[in-house]
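**Student:**
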Amino acid sequence: MYRIGQGWDRHPLEAGRQCILGGIEFQDCPVGPVGHSDGDAVCHAVTDALLGAANLGDIGRHFPDTDSRWAGANSLELLREAVRLVQAAGFRVVNVDCTVITEQPVIAPQSAAMQDALAGALQIAPDRVSVKATRGEGLGPEGRGECVTVQAVALLMASQGD
Ligand SMILES: [Zn+2]
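In the working numbering, the protein residues as written are 21 to 182.
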């Protein structure tokens, strides 16, 4: 049996912040996402897609920003923990697709590295992880460069039975 889930996350972008998306640091990016953890909106959206597919609630339930354990956390670790939860519920990840909507950083040069990093956390082959990017075309907070928004879809398969 298959289960599908979607995730969505948005973080403000601020000058001088470290910029990590999909577990990869964009060293030359002048802005970075603001958040309780490292603000990695890609990992957060994928985490929520996994939890949604397994009907395990959302990222805020498992990793509350009131919990100092997750302050400044490496969001790949959150994603790994979500994979453990999903596996414990009897599922394995089939594939993940995500779209990053932002003016900065430019995603394309690092998308393969992001796919590798996400695939490692998801325990699947990199060709099962898609990272796409688009820009806001001047419209909305993404187009004004105020935030990074990420949409993700994850497909899970029951490890056994139907
Ligand atoms: Zn987030």
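For each residue, glycine too, the CB sits at the ideal point set by N, CA and C.
Going straight from the alpha carbon of Val168 to that of Ala108, what length do you get?
**Tutor:** Here residue 168 corresponds to residue number 148 of the sequence shown, with the count starting at 1. Here residue 108 corresponds to residue number 88 of the sequence shown, with the count starting at 1. Going by the C-alpha atoms only, they are around 31 Å apart.
**Student:** Between Ala61 and His31, how many whole angstroms is the CB-CB distance? I'm expecting something under 8 Å.
**Tutor:** Here residue 61 refers to the residue found at position 41 when the sequence shown is read from its first residue. Here residue 31 refers to the residue found at position 11 when the sequence shown is read from its first residue. Right, the Cβ-Cβ distance comes to about 5 Å (below 8 Å), so this counts as a contact.
**Student:** Any idea if Leu99 is buried or exposed, counting beta-carbon neighbours within 10 angstroms, 16 or more meaning buried?
**Tutor:** For the purposes of this step, residue 99 is identified with residue 79 of the sequence shown, where counting begins at 1. Buried, because 16 or more other Cβ atoms sit within 10 Å of the Cβ of Leu99.
**Student:** Determine whether the beta carbon atoms of Val113 and Leu176 lie at a separation below 8 Å.
**Tutor:** Taking the first residue of the sequence shown as 1, we reach residue 113 at position 93. Taking the first residue of the sequence shown as 1, we reach residue 176 at position 156. In this structure, Leu176 lies closer than 8 Å to Val113 by Cβ.
**Student:** Sorry if obvious, but does the Cβ on Gly55 come closer than 7 Å to a heavy atom of ligand 1?
**Tutor:** Numbered from 1 along the sequence shown, position 35 holds the residue referred to as residue 55. Yes, Cβ of Gly55 sits closer than 7 Å to a heavy atom of ligand 1.
**Student:** In whole angstroms, what is the alpha-carbon distance linking Asp87 and Glu97?
**Tutor:** Along the sequence shown, read from residue 1 onward, the residue named residue 87 stands at position 67. Along the sequence shown, read from residue 1 onward, the residue named residue 97 stands at position 77. Straight-line Cα distance between these residues: approximately 15 Å.
**Student:** Rounded to the nearest angstrom, what separates Ala133 and Met21 at their Cα positions?
**Tutor:** As a working note, residue 133 is residue 113 in the sequence shown. As a working note, residue 21 is residue 1 in the sequence shown. Ala133 and Met21: Cα-Cα distance of roughly 31 Å.
**Student:** Would you check whether ligand 1 has a heavy atom nearer than 7 Å to the C-beta of His82?
**Tutor:** Taking the sequence shown and counting its residues from 1, one reaches residue 82 at position 62. Result no, Cβ not under 7 Å from ligand 1.
**Student:** Can you grab the Cα-Cα spacing for the pair Gly110 / Ala35, in whole Å?
**Tutor:** Indexing the sequence shown from 1 puts residue 110 at position 90. Indexing the sequence shown from 1 puts residue 35 at position 15. When rounded, the distance between both Cα atoms is 42 Å.
**Student:** Does the Cβ-Cβ distance between Asn115 and Arg164 come in under 8 Å?
**Tutor:** As a working note, residue 115 is residue 95 in the sequence shown. As a working note, residue 164 is residue 144 in the sequence shown. Not a contact, by the Cβ cut-off of 8 Å.
**Student:** How would you call Pro129, buried or exposed, if buried means at least 16 neighbouring beta carbons within 10 angstroms?
**Tutor:** What you label residue 129 is simply residue 109 of the sequence shown in a count that begins at 1. Flag for Pro129 reads exposed.
**Student:** Got a sec: does ligand 1 put a non-hydrogen atom nearer than 7 Å to the Cβ of Asp29?
**Tutor:** Position 9 of the sequence shown, counted from the start, is the residue given in the question as residue 29. The answer is yes for Asp29.
**Student:** When we look at the beta-carbon of Ile24 and count the other beta-carbons within 10 Å, is it buried (16 or more) or exposed?
**Tutor:** Looking up residue 24 in the sequence shown gives position 4. Burial call: exposed.
**Student:** Quick check: is any heavy atom of ligand 1 less than 7 Å from the C-beta of Ala61?
**Tutor:** Residue mapping note: residue 61 aligns to position 41 of the sequence shown, counting from 1. Because some heavy atom of ligand 1 lies under 7 Å away, the Cβ of Ala61 counts as near it: yes.
**Student:** Going by DSSP, name the residue or residues bridged to Asp117.
**Tutor:** Sequence index remark: in the sequence shown, residue 117 carries index 97 (1-based). Answer is Ser150, Val173, bridged to Asp117.
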